[in-house]
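Counted the way the working numbering counts, the sequence shown spans residues 10 to 130.
All residues carry an ideal CB built from backbone N, CA and C; glycine is no exception.
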Amino acid sequence: MKSVMSLDFYDMQHKPIAYTDDDEHLYAYCGRPLAYFHEGSVYSYPGLHLGFIANGYIRDNNGHIVLRTPESGGGSMKMWLLPPPPKGPKQMRYLKCRRRPKFYALMRLFQSKIPGDEFFS
Numbered sequence: 010m011k012s013v014m015s016l017d018f019y020d021m022q023h024k025p026i027a028y029t030d031d032d033e034h035l036y037a038y039c040g041r042p043l044a045y046f047h048e049g050s051v052y053s054y055p056g057l058h059l060g061f062i063a064n065g066y067i068r069d070n071n072g073h074i075v076l077r078t079p080e081s082g083g084g085s086m087k088m089w090l091l092p093p094p095p096k097g098p099k100q101m102r103y104l105k106c107r108r109r110p111k112f113y114a115l116m117r118l119f120q121s122k123i124p125g126d127e128f129f130s
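Below you can see the structure in the form of structure tokens.
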């Protein structure tokens with residue numbers, strides 16, 4: 010049985026936005042389900058392709074970085090991160106609707122213009 014640790018995702022201002030504790034479902038710290046991972050992609054529960062996850066980065070459909078894990082940012086990023094808030098009770102996950110087609114984009118080094126807390130809206 011594989012043990013999974015909680016993994017926090019931060020926006021480009023080093024603010025904690027979301028976490029996963031099962032490597033599949035992404036939650037806000039209040040417990041609201043935000044999205045899920047499937048074959049390297051990030052999908053909303055209504056089935057919209059939001060972006061990609063690779064090497065600790067969540068990228069939008071244009072390939073720009075929206076969220077990152079502490080490990081993805083190199084050695085000194087950890088000292089600048091805001092502490093994550095306490096996790097609220099998880100709400101029931103929504104049904105996963107039919108996934109829409111992926112957008113293939115170049116992986117870019119730039120950050121997204123979409124703020125991390127608006128990415129899942």
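Let's test the definition: count the other Cβ atoms within 10 Å of the Cβ of residue i and tell me whether it reaches 16, buried, or not, exposed.
i      : result
SER53  : buried
LEU91  : exposed
PRO25  : buried
TYR103 : exposed
ARG68  : buried
ALA44  : buried
GLY40  : exposed
ARG77  : buried
ALA63  : exposed
ASP32  : exposed
SER15  : exposed
Going by DSSP, which residues form a beta bridge with residue i?
i      : result
TYR54  : According to DSSP, which records beta bridges pairwise, TYR54 is partnered with nothing at all.
GLY125 : Paired residues: none, contrary to the question.
TYR36  : TYR28, PRO42
TYR66  : ALA63, ARG77
LEU90  : Paired residue(s): none; LEU90 is not in a bridge.
Considering residue i, what are the terminal residues of the beta strand (DSSP E) in which it resides?
i     : result
ARG77 : 74 to 77
HIS23 : From DSSP, HIS23 is part of no beta strand (DSSP E); its letter is neither H nor E.
So, with DSSP's three-state summary, where would you put residue i?
i     : result
ASP31 : coil
Quick one: does residue i have its CB under 9 angstroms from some CB of chain D?
i     : result
ARG77 : Among the chains of the structure shown, chain D does not appear; only one protein chain is present.
When every heavy atom of the ligand ADP is checked, does at least one fall within less than 8 angstroms of the C-beta of residue i?
i      : result
PHE128 : Ligands displayed in this structure: none; no statement on the ligand ADP is therefore possible.
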